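Protein chains: 2
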Amino acid sequence: MTDDAVETRRTAPATLHDVAREAGVSLATASRSLNGSTRKVNEEYRQRVLAAAAKLNYSPNLSAQAVARGSTTTVALLVADIADPYFSQMAAGVVREADRERLIVTMAATERDTERELDLVRTLRGQRPRVMILAASRREGDPNNDALEAELRAFESNGGRVAFVSSAAGEFHAVQLDNRAGAEALARELIGLGYRRFAAVTGAEGIRTADERLAGFRAGLEAGGGTLERIVRPAFTRDGGYEGMTQLIEEGLDGIELVFAGNDVMAVGAMSAIRDAGLTPGTDVAVAGFDDIPTVRDVTPPLTTVRIPLEEVGRRALRLALDEPDAVDESPVHTEVVLRESTPRRG
Amino acid sequence: MTDDAVETRRTAPATLHDVAREAGVSLATASRSLNGSTRKVNEEYRQRVLAAAAKLNYSPNLSAQAVARGSTTTVALLVADIADPYFSQMAAGVVREADRERLIVTMAATERDTERELDLVRTLRGQRPRVMILAASRREGDPNNDALEAELRAFESNGGRVAFVSSAAGEFHAVQLDNRAGAEALARELIGLGYRRFAAVTGAEGIRTADERLAGFRAGLEAGGGTLERIVRPAFTRDGGYEGMTQLIEEGLDGIELVFAGNDVMAVGAMSAIRDAGLTPGTDVAVAGFDDIPTVRDVTPPLTTVRIPLEEVGRRALRLALDEPDAVDESPVHTEVVLRESTPRRG
DNA sequence: ACTCACCGGGAAAGCGCTATCTCACTACGG
DNA sequence: CCGTAGTGAGATAGCGCTTTCCCGGTGAGT
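Chains as they are written, first to last, in full-length UniProt numbering: chain G, 1 to 347; chain R, 1 to 347.
Okay, structure coming up:
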């Protein structure tokens, strides 16, 4: 033996054929006993097959089943960034729901690049997943949008189901996050707390989520008599938040009472920037975010934000795709303003 | 039309056969042109095939390829909890590296249940993935360990590759996280800062990661003359950290200067508990964690911890499984103590 | 007693691919 | 001018399954 003596000899996995032979039945009977079928199978035969399968440690080849059945048990999930709590929470919801349905989730990250996203959709289509869930945020007017939409249409016409999270791109099913209303409600509440002069730190123009939240916030301010004095648009990430806030401080906060960040990770970054500039978030300048990711309870002061039940969003996205069109719950996800100490009552 | 008029008629996806017919070549030639092969194909034919494929929006059926080739392009990843930053960071690394290798990642969550983990491995085996990466933490003496190991052995003997993260279970390849040395180094540094009286808040006994970190920490303290006065073992999660810390405070901190949390999410929870008890973390009681997840920079005070390059760990786990056994980098991952303000120098 | 559904096992035809094998055709050395 | 060694396209045999389809055997109905 020149090989590693410990290494077990490589053997091919047991096939259904092996199981059938071991049990002394036909391939058909083995298939019927193991992987459900409308047809009944003699209990004794069935037991023999089950025993043989256990003995051979048989595990059905999902690819082969997919080919034979013409359908898979796969869900494809596209997110912008797996490490971002916004997406990972949502992914957790998708995975959990998929698990309940005995579906397998394949996951890919667009890294916020629409080119990549398009590529991924094309690749993933090869899997013939039952469902594709697109959670990476849409970009208004992106040159790849049409191609993406075409690709998804093709996928649908082949019997696949598509679900978006956030605002629908075109006519696809989507779990509606009411970014606009949430931000508007937040603005009203903040006005109620006595704030009047605001700045916003949010993602680049064109990122739909960022735009909607900003628009909603603005609308809320206008209704309540607040003013949005400054807007900076760094990356839609924690570091973006830090950077944007730093810029705001360097240019002079003069009179700005509260900074609205486009999402919680940005808000958290902004709070660090505030602190690093020698100021105290909440006291010297208030901060509010959006999403209610878990960590915002643990920063100091705890962050005021708009709660999105992210896990539920993930679960609903899958349900949306799986359920019969008429059984689908298309109502927008409930969002809720959560006031915490990062926005103390003024005066 | 009683159906939704907008809905495109459902058509089966184009098959290679369709492409071949469209291009006026044989199936074999179409296959060779589209999906690489050692054999050359007349350039004119090749172009015809490519054009036909584009026209029909052909996308090769990966399941069929898998069946025909006898191998897939799939990587299966098992984590305890997708929403936990420790795992999601790692997952991001795996996905990124997989993408480089043009592999597809399927992801599942054990929810810290070894029974579930075993089930998932069994199910995932049906996919015939090239690689299985197990990142959910091991439990010493768990009744399911043997079955899991057997399952993985079987998988390996069928040509699959297995990679663990954290300490190897049995004889499998593993990305070694040096929890023990990291915790020991942390303890020494803390002693160096003037701390002497410690408590630990960590996961249940048997969770290998928790045990190793605790053992390392203890060793470091002993070497340096510190004492570990109390140990509580709640869940290995943020809420566990909160709960454990609360318990510690309720029972009376008397003299404990620093609390070592088994991981960063616990540490973050613990800090919130401290604050909720009316104390100030860092000032009234210092806190240290382990992992260096991104958020610990943004809590107040920033958390002292032991840095693990989680993304790199994910990437390396995949490489470990993919590379030739002799080309594999089995050196333990570099960990590094990061001192921040949650553990100010004493006196 | 005889037809006639039904029941349930087995043979075999696919599913969409890949890879081996066959074979016509070209080019070239002797 | 023949034999021979490439070349490269096409036919086809699988890959591991599911699902017809076929068929002998049973029990019920008349």
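Just so you know, even glycine gets a beta-carbon here, dropped at the ideal spot from N, CA and C.
Quantities reported herein were computed from a predicted structural model and do not represent experimental measurements.
Can you grab the Cα-Cα spacing for the pair residue i / residue j, in whole Å?
| i | j | result |
| --- | --- | --- |
| G:Y275 | G:T304 | Note that residue 275 of chain G is Arg in the sequence shown, not Tyr. Looking at the two C-alpha atoms, the distance is approximately 17 Å. |
| G:L78 | G:A108 | 5 Å |
| R:D4 | G:E330 | Model confidence at R:D4 stands at a pLDDT of 43, short of 50, so the residue's coordinates are unreliable and nothing is read from them. |
| R:G347 | R:Y86 | 34 Å |
| R:G244 | R:D146 | 31 Å |
| R:R122 | R:M132 | 11 Å |
| residue 365 of chain R | G:G224 | Outside the shown range of chain R (1 to 347) lies residue 365 of chain R, about which nothing can therefore be said. |
| G:V328 | G:G70 | 25 Å |
| R:E311 | R:A92 | 6 Å |
| R:V338 | R:D119 | 38 Å |
| G:A235 | R:R316 | 28 Å |
| R:I104 | G:G226 | 49 Å |
| G:G36 | G:V67 | 17 Å |
| R:D298 | R:R307 | 15 Å |
| G:R161 | R:R96 | 26 Å |
| R:T29 | R:A20 | 8 Å |
| G:R208 | G:A267 | 18 Å |
| G:L253 | R:I249 | 40 Å |
| G:D239 | R:V296 | 14 Å |
| G:R218 | R:E171 | 60 Å |
| R:P13 | G:E111 | 28 Å |
| G:A321 | G:V165 | 11 Å |
| R:I293 | R:M90 | 11 Å |
| G:M1 | R:R153 | Low per-residue confidence applies at G:M1: pLDDT is 41, beneath 50, and the placement is therefore not dependable, though the value from the model is reported in the following sentence. So the alpha carbons of these two residues sit roughly 20 Å apart. |
| G:I256 | G:R197 | 5 Å |
| R:P302 | G:S88 | 23 Å |
| R:E324 | G:A76 | 30 Å |
| residue 355 of chain G | G:D142 | Because residue 355 of chain G is not part of the residues shown, which for chain G are 1 to 347, the question remains open. |
| R:P332 | G:R130 | 40 Å |
| G:D18 | G:L27 | 9 Å |
| G:V41 | G:R32 | 7 Å |
| R:V6 | G:E117 | With a pLDDT of 46 at R:V6, under the threshold of 50, the modelled position of this residue cannot be trusted; read the value that follows with caution. If you take the alpha carbons of R:V6 and G:E117, they lie about 26 Å apart. |
Pick out whichever of the options has its Cα sitting closest to the Cα of residue i.
| i | options | result |
| --- | --- | --- |
| G:R128 | G:Q89, G:R96 and G:F155 | G:F155 |
| G:A174 | G:T11, G:L318 and G:F87 | G:L318 |
| R:A204 | R:L120, R:D284, R:T15 and R:R213 | R:R213 |
| R:G206 | R:E140, R:G226, R:G182 and R:F172 | R:E140 |
| R:I336 | R:L177, R:R230 and R:I249 | As written in the sequence, residue 336 of chain R is Glu, which differs from the Ile given in the question. Comparing Cα-Cα distances from R:E336 to each of R:L177, R:R230 and R:I249, the minimum goes to R:L177. |
| G:V287 | G:V95, G:A215, G:Y195 and G:L134 | G:Y195 |
| R:V114 | R:V94, R:R102 and R:A135 | Reading off the sequence shown, one finds Thr at residue 114 of chain R, where the question assumed Val. Looking at the Cα atoms, R:A135 is the closest of the given residues. |
| R:R102 | R:T74, R:M90, R:V313 and R:T110 | R:T74 |
| G:V265 | G:A83, G:R218 and G:T15 | G:A83 |
| G:T246 | G:A200, G:H17, G:N42 and G:G314 | G:A200 |
| G:T237 | G:D323, G:A23 and G:D81 | G:D81 |
| G:V285 | G:P294, G:D292, G:S272 and G:D291 | G:S272 |
| G:T72 | G:D211, G:P332 and G:L124 | G:L124 |
| residue 376 of chain G | G:G255, G:A163, G:K40 and G:A53 | Coverage of chain G is limited to positions 1 through 347, which leaves residue 376 of chain G absent and any answer about it impossible. |
| R:G216 | R:G24, R:T11, R:L228 and R:N179 | R:N179 |
| G:H334 | G:A210, G:L228 and G:A183 | G:A183 |
| G:T11 | R:E117, R:N144, R:N158 and R:R46 | R:N158 |
| R:A23 | R:E222, R:R39, R:A51 and R:A163 | R:A51 |
Chain R contacts made by the stretch 266-282 of chain G, where a contact means CB separation under 8 Å: V268, G269, M271, S272 and R275
Chain R contacts from the stretch 280-313 of chain G (Cβ-Cβ distance under 8 Å): P294, T295, R297, D298, V299, T300 and E311
Against chain G: residues of the stretch 123-156 of chain R by CB proximity under 9 Å: T123, L124, R125, G126, Q127, R128, A150, E151, R153, A154, F155 and E156
Cβ pair count under 8 Å reaching 3, the stretch 187-203 of chain R against the stretch 251-263 of chain R: yes
Three CB pairs or more closer than 8 Å across the stretch 279-291 of chain G and the stretch 334-347 of chain G: yes
In chain order, each beta strand (DSSP E) run of at least 3 residues that lies wholly inside the stretch 112-162 of chain G: 131-134
Validate contact between the stretch 49-69 of chain G and the stretch 51-58 of chain R using beta carbons, cut 8 Å, 3 pairs: no
Residues from the stretch 159-178 of chain G in contact with chain R, defined by Cβ distance under 8 Å: G159 and E171
Ranges of the beta strand (DSSP E) found wholly within the stretch 192-221 of chain R, counting only runs of at least 3: 197-201
Residues, ordered as in the chain, of the stretch 326-339 of chain G that lie near chain R by beta-carbon distance below 8 Å: none
Against chain G: residues of the stretch 233-257 of chain R by CB proximity under 7 Å: R238
Residues, ordered as in the chain, of the UniProt domain "HTH lacI-type" (14-69) of chain G that lie near chain R by beta-carbon distance below 7 Å: N57, S59, P60, N61, L62, S63, A64, A66 and V67
Continuous beta strand (DSSP E) assignments of at least 3 residues falling wholly in the stretch 219-300 of chain R: 227-232, 258-261 and 286-288
Secondary structure, alpha helix (DSSP H): runs of 4+ residues fully inside the stretch 61-94 of chain R: 62-69
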